[in-house]
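Following full-length UniProt numbering, the residues of the sequence shown are numbered contiguously, the last one being 93.
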Amino acid sequence: MTAIDVTGAHTPEAAGVITGARERIDALDDRIIGLIQERTAVSAVIQEARITSGGRRVNLSREMEVLGHYRDALGRPGTALAMTLLELCRGRI
Ligand SMILES: O=C(O)C(=O)C[C@]1(C(=O)O)C=C[C@@H](O)C=C1
Numbered sequence: 001m002t003a004i005d006v007t008g009a010h011t012p013e014a015a016g017v018i019t020g021a022r023e024r025i026d027a028l029d030d031r032i033i034g035l036i037q038e039r040t041a042v043s044a045v046i047q048e049a050r051i052t053s054g055g056r057r058v059n060l061s062r063e064m065e066v067l068g069h070y071r072d073a074l075g076r077p078g079t080a081l082a083m084t085l086l087e088l089c090r091g092r093i
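If you want it as structure tokens, here you go:
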């Protein structure tokens, strides 16, 4: 397959732009995944501390704050993203 086929572009110039931008996206996605893994580890510390102290894993009022933070920054899809992040960090409830 040529670069044009792979990118869906119709000119070599556009294929070059797309290929370069896709490399940047792949690098950004690697960083995002790393940040999510870091967030999961920090969240686990909080949950452990709360459970060890006799509390519950989940704290719904804090989750509302997290959801609001993402919604304010990213709009409605931000809420869905935050819900997915919370599920990654504390499992399904
Ligand atoms: O902030 C907390 O109290 C957490 O436990 C962290 C966290 C989160 O990952 O943001 C995870 C579970 C709770 O239900 C609320 C928030």
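Positions of the beta carbon are idealized from the N, C-alpha and C atoms, including for glycine.
Mind checking whether the beta-carbon of V66 lies closer than 7 Å to any heavy atom of ligand 1?
Result yes, Cβ under 7 Å from ligand 1.
Return the chain-ordered list of same chain residues with a C-beta closer than 6 Å to the C-beta of A9, the five sequence neighbours on each side being excluded.
Leaving aside the five residues that flank A9 on each side, the residues in its chain whose CB is nearer than 6 Å to its CB run, in chain order, A15 and I18.
Check for me: the alpha helix (DSSP H) holding T52 runs from which residue to which?
First-last of the alpha helix (DSSP H) with T52: P12 to T52.
Could you have a look at G91 and say whether DSSP puts it in helix, strand or coil?
coil
Determine the DSSP secondary structure at R57, reduced to helix, strand or coil.
coil
A3 by DSSP, collapsed to three states: which one?
helix
Below 8 Å, how does it come out for the region 58-68 and the region 80-92: are there three or more Cβ pairs, yes or no?
yes
To the nearest angstrom, report how far apart T40 and I32 are at their CA atoms.
12 Å
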